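Input: a single structure, listed below in structure tokens.
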Amino acid sequence: MKKHYKLFFKKNKKKINKIKKHLEKNKNDLSGRRGLIKKINIRKKIIKYLNRSGEMVNTLL
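Numbering-wise (this note's numbering), the sequence shown opens with residue 12 and increments by one.
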């Protein structure tokens, strides 16, 4: 897998975990929920793209 994809997933995972912790404390924060859903959808789209292009993605899921 290309180096920049690995870096993206590492940063994205940290951001997702940070938003999850925030949402555990602030359950009514709809803006935070939308942000979390957006980040997860971006990650899913990139994983689908990498699978189509033949890149190895076994460590991302």
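From the three backbone atoms N, C-alpha and C, an ideal C-beta is built for every residue, glycine too. As the structure is a prediction and not an experimental result, all values here were calculated from the model.
In whole angstroms, what is the alpha-carbon distance linking residue i and residue j?
i: residue 16; j: residue 55; result: 13 Å
i: residue 19; j: residue 47; result: 15 Å
i: residue 34; j: residue 63; result: 33 Å
i: residue 32; j: residue 24; result: 12 Å
Measuring CB to CB, does residue i end up less than 7 Å from residue j?
i: residue 43; j: residue 57; result: no
i: residue 50; j: residue 27; result: yes
Where do the ends of the alpha helix (DSSP H) carrying residue i lie?
i: residue 31; result: 14 to 36
i: residue 39; result: Looking at the DSSP string, residue 39 is not in any alpha helix (DSSP H), and its letter there is neither H nor E.
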